[in-house]
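Heads up, the final residue of the sequence shown is numbered 1223 in the numbering used here, and it's a clean run with no missing numbers.
The beta-carbon is built from N, C-alpha and C at its ideal position, and this holds for glycine as well.
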Amino acid sequence: MPSWLLNKVPLVKKFIEIEAWARQRARARISLGTQGKDGRSDFFSQLLSPPRQGDDPMTEEEILANALVLLNRNAYDVLSEEVRGRFQDESDMDFRNCATLPFLIACIQESMRLYPAAPEIPPRVSPGDVIDGREVPAGTLITVFLTATNRSCRYFSEPDIFRPERWLPKTHALYDAKFRHDDLSIVKPFSYGPRDCIGKSLRLHEMRLVVARLLFRFDFEMLPGQERWQSGQRVFLLWEKPPLYVRFRPRGT
């Protein structure tokens, strides 16, 4: 839909106005540096400062990655062994080192395949092209429903089952050849193209680090009665998520 036509829709027009106002305010605040007006710290001070030691709140993507691992205890055991066998101390864990853990990466990728934080990519206006052998006229509004695509047997073996093995390299001990024909390239949880998520690389680094640190520090398990936590959820623009109850214990206690 052309931008001039979107501006005719009252709700969309209001959203665009609010977004422009928010961006203007954000740029003005960023220009002040880590200390805001009158030298006081605020939310932007944290965003603009180097990270501190300590715990940060988990993002939605990090919660989802943990939830699907918890629902699959075999994956949890393998992942715990990988993390705890790789690091002797939590201070050794950083973005670079966590990016060398193949099963951790596989679990996060598989979590995003089965449960993308945004089930649908925002619509785009076609410039006129042929998609999968079908002509799509210019001006057509198109979108991709990620949940349906990511669970299609056309692209994946065992599409509805959490199988991190499908993401492992052939050299890994847990590689399973039955997933060799899976089309992993279609999994785009951060969208695709010039308008994809600008922060996707940072989000992936953060997810790997947070999940690895949780597994290093704690033994945890999902409380009984939540086996259908994901399958019972409804989708609107985002997921309608019920509470997820997990028991954490310091590692080794």
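- Straight-line measurement puts the Cα of C1077 at about 8 angstroms from the Cα of A1045.
- Look at F1065 here: in three-state DSSP terms it is helix.
- Only buried fits E1176, as 16 or more other CB atoms lie within 10 angstroms of its CB.
- Taking a contact to require three or more Cβ pairs closer than 8 angstroms, the stretch 1191-1198 and the stretch 1051-1068 do not qualify as touching.
- Within the model, the alpha-carbon separation for R1083 versus V1157 is close to 6 angstroms.
- A contact between stretches requires three or more CB pairs, one per stretch, nearer than 8 angstroms, and the stretch 1085-1100 fails this requirement with the stretch 1135-1142.
- Looking from the CA of P1107, the closest CA among F1115, S1081, S1096 and F1190 belongs to S1096.
- For E1105, there is no enclosing alpha helix (DSSP H); the enclosing beta strand (DSSP E) has its first and last residue at R1104 to V1106.
- Counting every other CB atom within 10 Å of its CB across the protein chains shown gives T1113 a total below 16, marking it as exposed.
- Rounded to the nearest whole angstrom, the C-alpha separation of R1124 and G1222 is 43 angstroms.
- Counting the other Cβ atoms within 10 Å of the Cβ of I1091 gives 16 or more, which makes it buried.
- Around the CB of L1208, fewer than 16 other CB atoms lie within 10 Å, so the residue is classed as exposed.
- M1192 is the residue among F1206, D1099, M1192 and G1163 whose C-alpha sits nearest the C-alpha of L1214.
- D1152 and D1146 have their alpha carbons spaced roughly 11 angstroms apart.
- In the same chain as V1216, and ignoring 5 residues on each side of it, the C-beta atoms closer than 6 angstroms to its own belong to F1190 and M1192, in chain order.
- Per DSSP, R1173 lies in no beta strand (DSSP E) segment; the continuous alpha helix (DSSP H) that holds it begins and ends at K1170 to R1187.
- When C-beta atoms of the stretch 1051-1066 are compared with those of the stretch 1155-1170, fewer than three pairs fall below 8 angstroms, so the two segments do not count as touching.
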